[in-house]
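Some notes on the structure that comes next.
Protein chains: 2
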Amino acid sequence: MIPTLAWTPDGVRFLDQTKLPLEESYVLASSYEQVAEAITSMVVRGAPAIGVAAAYGVALGALRTKAATAREFALEFDSVCARLTATRPTAVNLFWAIARMKRLFAGLLAAGATLDQIKEKLLAEAQAMYNEDIAACKKMGTFGAALLPDEGGVLTHCNAGALATCGYGTALGVIRSAVEQGKRIHVYADETRPFLQGARLTAWELMADHIPTTVICDNMAASLMRAGRIQAVIVGADRIAANGDTANKIGTYNVAILAREHGIPFYVAAPWSTIDLATATGEAIPIEERPAVEVTHHGGKQLTPNGVGICNPAFDVTPAKYITAIVTERGVLRAPFGESLKAVGRS
Amino acid sequence: MIPTLAWTPDGVRFLDQTKLPLEESYVLASSYEQVAEAITSMVVRGAPAIGVAAAYGVALGALRTKAATAREFALEFDSVCARLTATRPTAVNLFWAIARMKRLFAGLLAAGATLDQIKEKLLAEAQAMYNEDIAACKKMGTFGAALLPDEGGVLTHCNAGALATCGYGTALGVIRSAVEQGKRIHVYADETRPFLQGARLTAWELMADHIPTTVICDNMAASLMRAGRIQAVIVGADRIAANGDTANKIGTYNVAILAREHGIPFYVAAPWSTIDLATATGEAIPIEERPAVEVTHHGGKQLTPNGVGICNPAFDVTPAKYITAIVTERGVLRAPFGESLKAVGRS
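Chains A and B supply the protein sequences, listed in that same order. Note that this note's numbering has the first sequence beginning at 1, numbered continuously upward. Note that this note's numbering has the second sequence beginning at 1001, numbered continuously upward.
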């Protein structure tokens, strides 16, 4: 399994995704500040992965504290959580994971747990979230594989794979599961400017699994669809609002429109922790604007003229009407998503 | 005016578009073979510009011949034209320009012209085509400016500017003309992977003219449209079939679908030499597949894992139904384009 992130006695070890595919190197985050930095700089990225990373970050905040007692650590705890919360605004898994750690901590504190017990329990919770992520991806894979054709081209955007999770993937987990079932899938990976998650990460991890993969520039999708080379689209998600509107990597909305125009089903695969029933529609999802340098430069080389204006929103919102189905570990949801999400959320 | 290509006593001088925007350097093509190489390697690109470049190439073939007489040169002439024809398959201006030079040559030969007369006339014809290109762009500018909003965002894809023509531009000529008329246009330039004509060339030439410009990645267009920041789209063309189907830089078809989905007008600006009434529909337009290295590498640095599949079609075809109007130097054409193109072609 691809070691996206792993707990070690010294802290969290991240496979450095800024260096892939040419270099397979690791970054050790031995403090919560270093975990926060790894999330901000996209050493680790992908909504499910940064959720679990943040949970480990909270655990590290406890493990590395100089406080002598639980009460003393409680004075620091909020700032640990605030630092990890401030890393990236769009993916809700981050906030979900930190909120879960906060609830656990509040309960332990109220129950009079010792600092050592708190350290142990916070780490165990992060480990549990790690294991749950893998289990959820496997379930999504099983549910989602049935949606993919027995043979054909499947387009994906960005990386919703092992590298975006703890090791199996959401959208790519569905593809992996379909391939394991014997389906003959050829993956078309949008290169996904500006960070090139498709060209660098999706291509790298699918090649590692010997799944046939072709990288295309983001602007080639429509012509491939028209040529009949794409039978389905599947992507991940960073936040799904209560009505099914889905924030995901910039360009996802483009692909969703193109798919509908060509009569191609458009699927979203995401764990339940990506669903934000407290956010009514996509309009309310905050969209991160990343530094212009990601667009203006590549590998230290400048692409654009000095001083030109740049847009670099990291995400866009695909309205629910473009989505054929949402694959979660609780099953495959269909429109109207407002109702299906509410019903499954209750169950 | 931007010196995209210029005739000099030593041959054709090209502004090297592979080096822009960071380096403003020139390539001198002093033989027809060097002109062909400049076209293939995209030192010069853009349908109108490569048409005129090829005409100069034919003239250079005559000027540099070792033949002593017109009859002797006639034995070489076809291979000069064949070499220039074999450079790029999609833009019809190239074939149009070479055919025009061939007709002139055949007439001169039949009329018993001397080799010196032929050299002089072929060069004069290329010069005429250069001047006609600038005049056509200015006319398109005047006709097309009326289509753009008095104030607002205009999205363009690739570079259909001074750098794609002899110095004013087709789509960007329309924008220039609108700005000269006092319209307050903010240009959004798709970066246009993989060759980055938008990020490198459109941004460079619009900044030189102090026209406000923001570069976006190709996959950001839909979210900007949804946010109300784009009021019109205007692009160039490499070949327009008799029914209005338009081949242009890869990604144009994507943008056309997105524009229609958001109720935004989608305009094509191209000189009459881009219109190919002999090609019935877009299905018959050959699409150039360029080397994979344009996608896998940038600035010598590898982006993708070794051995991954790559698609790199240089163009796509936008069906006529997505096009609001076609701006030519003969006026603004509207649907049904089969009829309007035929009518204007006859006039």
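The beta-carbon is built from N, C-alpha and C at its ideal position, and this holds for glycine as well. In this text, all values refer to a predicted model and were calculated from it rather than measured experimentally.
Within the region 205–282 of chain A, the runs of beta strand (DSSP E) at least 3 residues long that lie entirely inside it are, in chain order, 213–216, 232–235, 239–241, 246–249 and 266–269. Taking a C-beta distance under 8 angstroms as the contact criterion, B:G1331 and A:T214 do not qualify as a contact pair.
When C-beta distances to chain A are compared with 8 angstroms, the residues of the region 1212–1241 of chain B below that value are P1212, T1213, T1214, V1215, I1216, C1217, D1218, N1219, M1220, A1221, A1222, S1223, L1224 and R1226, in chain order.
When beta bridges are read from the DSSP output, A:G331 appears opposite A:T328. The beta carbon of B:Y1253 sits closer than 6 angstroms to the beta carbons of D1316 and T1318 from its chain, once the five residues preceding and following it are set aside; these are given in chain order.
Residue contact with chain A for B:Q1117: absent (no Cβ-Cβ distance below 8 angstroms to any residue of chain A).
Non-local C-beta neighbours of B:R1334 in its own chain, meaning closer than 7 angstroms and more than five positions away in sequence, comprise A1325 and S1340, ordered along the chain. By the CB criterion at 8 angstroms, A:A6 and A:A54 fall outside the cutoff. Closest in alpha carbon position to B:T1246, among B:A1270, B:Y1026 and B:H1262, is B:A1270. When the beta-carbon positions are compared, A:A164 and A:G46 come within less than 8 angstroms of each other. When 9 angstroms is used as the limit between beta carbons, A:H298 is near these residues of chain B: H1298, G1299, K1301 and L1303, in chain order.
Contacts with chain A (Cβ-Cβ distance below 7 angstroms) from the region 1311–1323 of chain B involve C1311, P1313 and D1316, listed in chain order. Judged by DSSP secondary structure, A:A6 falls within the beta strand (DSSP E) whose first and last residues are L5 to T8. DSSP, reduced to helix, strand and coil, places A:L28 within a strand of the structure shown. Closer than 8 angstroms at the C-beta level to chain A, one finds no residue of the region 1029–1051 of chain B. Secondary-structure assignment with DSSP links B:G1011 through a beta bridge to B:T1008.
When rounded, the separation of the alpha-carbon atoms in B:E1076 and B:A1278 is 28 angstroms. For A:E261, the residues of chain B that pass the 7 angstroms Cβ criterion are I1257, in the order they occur in the chain. Comparing C-alpha distances from A:V58 to each of A:A237, A:M101, A:V187 and A:T304 shows the shortest one belongs to A:M101. Cα atoms of B:K1119 and B:M1129: separation of roughly 16 angstroms, rounded to the nearest angstrom. Listed by position along chain B, the residues whose Cβ is nearer than 9 angstroms to that of A:V308 are P1021, A1189, A1199, A1203, W1204, L1206, M1207, T1213, T1214 and V1215. Here the C-alpha atom of B:T1328 lies approximately 52 angstroms from the C-alpha atom of A:N93.
At least one C-beta of chain B is nearer than 8 angstroms to the C-beta of A:L196.
Annotation for A:D150: no beta strand (DSSP E) segment contains it, and DSSP assigns it neither H nor E. Chain order gives the chain B residues near A:R193 as E1191, R1193, C1217, D1218, N1219 and M1220, where near means a beta carbon separation below 9 angstroms. With its beta carbon less than 8 angstroms from one in chain A, B:Y1253 belongs to the interface. For B:D1190, the number of other beta carbons within 10 angstroms of its own is at least 16, and it is reported as buried. The C-alpha of A:S31 is placed about 48 angstroms away from the C-alpha of B:E1024. Taking a Cβ-Cβ cut-off of 8 angstroms, the neighbours of A:I250 in chain B comprise C1217, N1219, M1220 and S1223, given in sequence order. Interface residue (Cβ-Cβ distance to chain A less than 8 angstroms): B:V1080 is not classified as such. Taking a Cβ-Cβ cut-off of 8 angstroms, B:V1293 has no neighbours in chain A, whose nearest Cβ is about 13 angstroms from it.
In this structure B:A1068 is exposed. Its beta-carbon is surrounded by fewer than 16 other beta-carbon atoms within 10 angstroms. For B:T1318, the enclosing beta strand (DSSP E) has its first and last residue at F1315 to T1318. Closest in C-alpha terms to B:L1028, from the list B:R1193, B:A1136, B:C1311 and B:P1003, comes B:P1003. Taken in chain order, the whole beta strand (DSSP E) runs of length 3 or more contained in the region 109–141 of chain A number zero.
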